[in-house]
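Trainee: One structure, pasted below without further comment.
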Amino acid sequence: MTQTSNDSGMSYIRFLAMIATGTVVMYGLMYLNTYEWDHVRFSQTRAWMALLMGATMAVIMLGFMWRMYGRLQINLMILGLAIAGFAGSLWLVRSQATVGDVSYMKAMIPHHSIAIMTSRRAEISDPRVRDLANRIIEAQVKEIGEMNTLIADIEATGDAPGDPAPVR
Numbered sequence: 001m002t003q004t005s006n007d008s009g010m011s012y013i014r015f016l017a018m019i020a021t022g023t024v025v026m027y028g029l030m031y032l033n034t035y036e037w038d039h040v041r042f043s044q045t046r047a048w049m050a051l052l053m054g055a056t057m058a059v060i061m062l063g064f065m066w067r068m069y070g071r072l073q074i075n076l077m078i079l080g081l082a083i084a085g086f087a088g089s090l091w092l093v094r095s096q097a098t099v100g101d102v103s104y105m106k107a108m109i110p111h112h113s114i115a116i117m118t119s120r121r122a123e124i125s126d127p128r129v130r131d132l133a134n135r136i137i138e139a140q141v142k143e144i145g146e147m148n149t150l151i152a153d154i155e156a157t158g159d160a161p162g163d164p165a166p167v168r
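Taking our numbering, the leading residue of the sequence shown gets 1, the next gets one more, and so forth.
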């Protein structure tokens with residue numbers, strides 16, 4: 001069956017809709033391993049990772065369905081944009097250039113929640129490992145509370161005066 005140019009254009013719209021939908025779904029899936037839904041926060045890092053995965057998915061899907069999408073120039077443009085999106089997202093993930101104080105803590109809360117879930121639910125038999133897991137749970141719960149307090153304070157009053165401690 002031969003596609004008309006109108007059908008081909010619609011199939012590219014469907015392709016982009018699949019990539020966009022998959023990207024949004026993957027962003028949401030990254031939160032399924034949090035211990036409590038209350039620990040879910042918007043995370044720039046997870047957003048950049050979802051975009052990175054969406055760009056990867058675009059390349060893979062287009063590669064498998066190359067013949068379905070018969071316009072070489074559009075295919076090459078999609079590949080170029082996907083590669084640029086991958087590179088940009090990877091740079092944002094690795095550099096953390098857009099992540100400030102509050103966004104850092106909002107990303108760390110679900111990260112800590114994952115440690116709580118894993119430490120509570122893992123089938124641990126060695127008493128030393130159980131002790132370590134219990135200490136991890138205690139530390140992560142405490143740090144989530146501290147981050148929630150700091151987020152509320154910074155959002156209400158702004159940054160504390162003084163210089164930040166050096167990065168270790």
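Built from N, CA and C at the ideal position, the CB exists for glycine as well.
Should the region 60-68 be called in touch with the region 34-49, which here means at least 3 C-beta pairs below 8 Å?
Mentor: Proximity of the region 60-68 to the region 34-49 falls short of the contact definition, fewer than three beta-carbon pairs being nearer than 8 Å.
Trainee: Are the beta-carbon atoms belonging to A55 and F15 less than 9 Å from one another?
Mentor: Numbered from its first residue, the sequence shown carries residue 55 at position 55. Numbered from its first residue, the sequence shown carries residue 15 at position 15. No, these two residues do not count as a Cβ contact at 9 Å.
Trainee: Can L52 and L90 be called in contact, C-beta distance under 9 Å?
Mentor: Taking the first residue of the sequence shown as position 1, residue 52 is located at position 52. Taking the first residue of the sequence shown as position 1, residue 90 is located at position 90. Yes.
Trainee: One question on the structure: do M49 and G22 come within less than 9 Å of each other, judged by their Cβ atoms?
Mentor: Locating residue 49 in the sequence shown gives position 49, counting from the first residue. Locating residue 22 in the sequence shown gives position 22, counting from the first residue. No, the Cβ-Cβ distance between M49 and G22 is not below 9 Å.
Trainee: Is DSSP giving R128 helix, strand or coil here?
Mentor: Walking along the sequence shown from the start, residue 128 turns up at place 128. R128: helix per DSSP, three-state reduction.
Trainee: Quick one: is S43 buried, meaning 16 or more other Cβ sit within 10 Å of its Cβ, or exposed?
Mentor: Taking the first residue of the sequence shown as 1, we reach residue 43 at position 43. It counts as buried.
Trainee: Taking the beta carbon of L92 as the centre, do at least 16 other beta carbons fall within 10 Å, making it buried, or is it exposed?
Mentor: In the sequence shown, residue 92 corresponds to position 92, counting from 1. That one is buried.
Trainee: Suppose you measure from the CA of P127 to the CA of I136; what does that come to, to the nearest Å?
Mentor: As a first step, residue 127 is located in the sequence shown; it is residue number 127 there, counting from the start. As a first step, residue 136 is located in the sequence shown; it is residue number 136 there, counting from the start. Cα to Cα, the separation comes out at about 14 Å.
Trainee: How is the alpha helix (DSSP H) around D101 delimited, first residue to last?
Mentor: Your numbering for residue 101 matches position 101 in the sequence shown. Looking at the DSSP string, the run of the alpha helix (DSSP H) that includes D101 is 101-121.
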